[in-house]
Structures are given as structure tokens and as C-alpha cells.
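Only one structure is covered here, and it is reproduced in the block below.
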Amino acid sequence: MPQKVRGVVSRAKGRPVELTTIVVPDPGPGEAVVDVQTCGVCHTDLHYREGGINDDYPFLLGHEAAGVVEAVGEGVTGVEPGDFVVLNWRAVCGQCRACRRGRLEYCFDTHNAEQRMTLEDGTELTPALGIGAFADKTLVAAGQCTKVDPRVSPAAAGLLGCGVMAGIGAAVNTGGVSRGDTVAVIGCGGVGCAAVAGARLAGASRVIAVDLDDRKLEWANRFGATHTVNAASTEPVEAIRGLTGGFGADVVIDAVGLPQTYEQAFYARDLGGTVVLVGVPTPEMRLELPLADVFGRGGALKSSWYGDCLPSRDFPMLVDLHLQGRLDLDGFVSEEITLDDVEEAFARMERGEVLRSVVRL
């Protein structure tokens, strides 16, 4: 039978979110109901609330989640009730042109649950990134459930569902950081600090963290930055060049997503180096670069979607690294809160006071 549970809903642009009752249907074919244990508060949820994704209100927010599978629908074989899972928003189809070429991380037809969760009056909800996990339970496509070692803290594991995976993947998967590389990361919030951690995991010899806020630079130090640059008082391109023998970094990761930070990343890389854009720009942003510089500097300009990850491969691997003591996932959890605290958590996030607030249910 459908279940009535608590969920955090955004009804209109600019309005505070509200905790209300939602209806979760029984799972249909290819679907699963997950008992949510934790869910991180991500900037993407704030973008949904502010209409920055689309205007398909009301939204059921939350997507960086971990929990236990409660029930599965017909035809589901990959997970079963009782499995501890991290939710992902890349449930690959296996059939599109990217999947047929073996590039599952670029699947063009990732799928979500066919059924919709609703308000009590029957109004259909749009789940954030097809997940909607600021709720006691959520309905997802079974392919959005990735089994990981249950020994990991749910609060830490859930963050792999978006921001931490995006940052680590930007360095390891998209940027291809390798042993001895020099890396610069512009923007040291949750995604940027994860990029720092990813670069160190990959064996970078020098990781330069850039931000306007000394507090965030301290966070970056905790995750392995070897040098920090406060861009409020120091010109970042010159600083990065000065720390790399005058050449620039092999890989520069823009975890902010503004035209000015992308331009800094472009000029802060070595000849033949790589720029990775993982910070999410807004639709109105425009970039202008001299085409001769684009040609003359060579290298690669890349965008990183979800850290170019394959959840079934990357989530268990990163959890294992954490359990081995090689990746501090717990360090990304600034505080644990309740569903009632989501609106204030958005405010703390905007003020740069936390890496991640995590809702514990």
C-alpha cells in the first residue's frame, strides 16, 4: 500500500521550503522504495528552490542520500530489501549510443522512477535529480541504488551521491590527474575540497587551493592541499604560476563555475595542460577568450558531469578507500540536522559556514 511520510517540499520560487506529508507509492516494475537514513544539503537543492533548474514545482528536495532498500518492484535483480545503498542520479540505460560505445558515464538516457510521489491531495511532486530524499522514504529507479559496504557511516556515504563524487571524479576521471602532476583547484567548498582529495589520491605532487575565504582554504588543507592562495588579496593566476616554476599547473579545476574563475583556470594551466569545469554555471553566463590563446595553449578544456563517474564502479571503490583510512569522507560532514532544519541549512551553506549539513532521519 502507498505510504504517507514526511518530506521537504519547495512549492514556489523564493518561498521557504516546508516539511509536509507526501505519499510514496509501492514500487512498480524496475523501481525501489528506499528507507532514507541520511541526505546531504547540496547547492543543487537550493537551485531547485530558486527555479534555477526548471519551474516544475512543487519539488521534493534532497538527493545526496544513503539508506536501506525497503521494497522492490517486478523485474528488479540488482538490489533487494535490506541492501544498504547510496542513491545516484545516473541510472544508466545500457542502450543509448554512449552506452553502446562503452561510455556508460555519458549515458544519454539515464532513467528515474516511472511513478510520481505526490502530496496528500494528489499533486505530483518533481523529485530533485530524480531522487527526492529529504523524506523518510523515497521511490527511485532500482538502477539509482548502488550497494556499498554497510560498515560506512550513512552520513558520509550519502555525500558520494553528488558533491563529493563530482569533485573527486573531476580530478581522477575527467582531469586524469596522475602521479607527480601539479593541480590547482579554484573554489574550496564541498566539491572543491573533494577535488583536492581526489588529486591527492591520484598522486599529485602539488595541490594548490584557491578561494576568497580563509576558512575554506583551511578546509582544503585538511583534505591535502599543499599550498593555498587567497584570491581576495593575491592575483590567483600569477600565484599559481609562481608555485609551479612559472609554468602553470598541469590540471586546473574550476569548482565555482563563473566566467572569471574559468578564465583564471584557463590561464593558470601549463601549455598542454587541462582545464576541468565542474562548478555549475547559470544559463545567462557567457565566456569570451581569444581564439588564438585557445589554439596556442593546446591541451584540453573539459566539463565534468557528475565527476564522469560510473556509480556501480566508483561508489564502492571510494567507500573501500574510506574504510582503509585513505579517504576522509567523514571530514565532509560539518553537522547533522533534522528535516525541520533544511531551510536554515540553506542559509548556512550560502554563508559558507559548512562543507555539508547532513539530514539524519
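Here the sequence shown stands for residues 1 to 361, numbered as in full-length UniProt numbering.
The beta-carbon is built from N, C-alpha and C at its ideal position, and this holds for glycine as well.
In terms of Cβ geometry, I337 and A347 do not form a close pair [threshold 9 Å].
When E50, D26, G30 and G40 are compared, the shortest CA-CA separation from V17 is found for E50. Inside the region 135 to 221, DSSP marks whole alpha helix (DSSP H) runs of 4 or more residues at positions 154 to 158, 163 to 169 and 190 to 201, from first to last along the chain. In this structure, the beta-carbon distance from V86 to T146 falls below 9 Å. A residue is called buried once 16 or more other Cβ atoms fall within 10 Å of its Cβ, and Q324, having fewer, is exposed. For the region 78 to 119, the continuous beta strand (DSSP E) assignments of 3+ residues that do not extend past its boundaries occur at 84 to 87, in sequence order. Fewer than three Cβ pairs drawn from the region 96 to 105 and the region 26 to 40 lie within less than 8 Å of each other, which leaves the two stretches out of contact. For E105, the number of other beta carbons within 10 angstroms of its own is at least 16, and it is reported as buried.
Exclusion of the five residues before and after D341 leaves S357 and V359 as the residues of its chain whose Cβ lies within less than 8 Å of its Cβ. Boundaries around R297 are those of the alpha helix (DSSP H), L291 to R297, since no beta strand (DSSP E) includes it.
Exclusion of the five residues before and after A142 leaves G30, E31, A32, V72, V76, G78 and V79 as the residues of its chain whose Cβ lies within less than 7 Å of its Cβ. Bounds of the alpha helix (DSSP H) holding E350 are V342 to E350.
Remark: C-beta atoms of D328 and R222 approach each other more closely than 9 Å. Listed in chain order, the non-local C-beta contacts of P127 below 6 Å within the same chain comprise L60, local neighbours out to five positions each way being set aside. Only residues of its own chain outside the window of five on either side were considered, and among them V23, V24, P25 and D26 have a CB closer than 7 Å to the CB of P2, listed in chain order. For R49, the enclosing alpha helix (DSSP H) covers residues H43 to R49.
In the DSSP assignment, S312 falls within the alpha helix (DSSP H) that extends over P311 to L323. Straight-line measurement puts the Cα of L271 at about 22 Å from the Cα of R200. In this structure, S312 sits away from L277, with a CB-CB distance that is not shorter than 9 Å. G62 has its alpha-carbon roughly 12 Å from the corresponding atom of L19.
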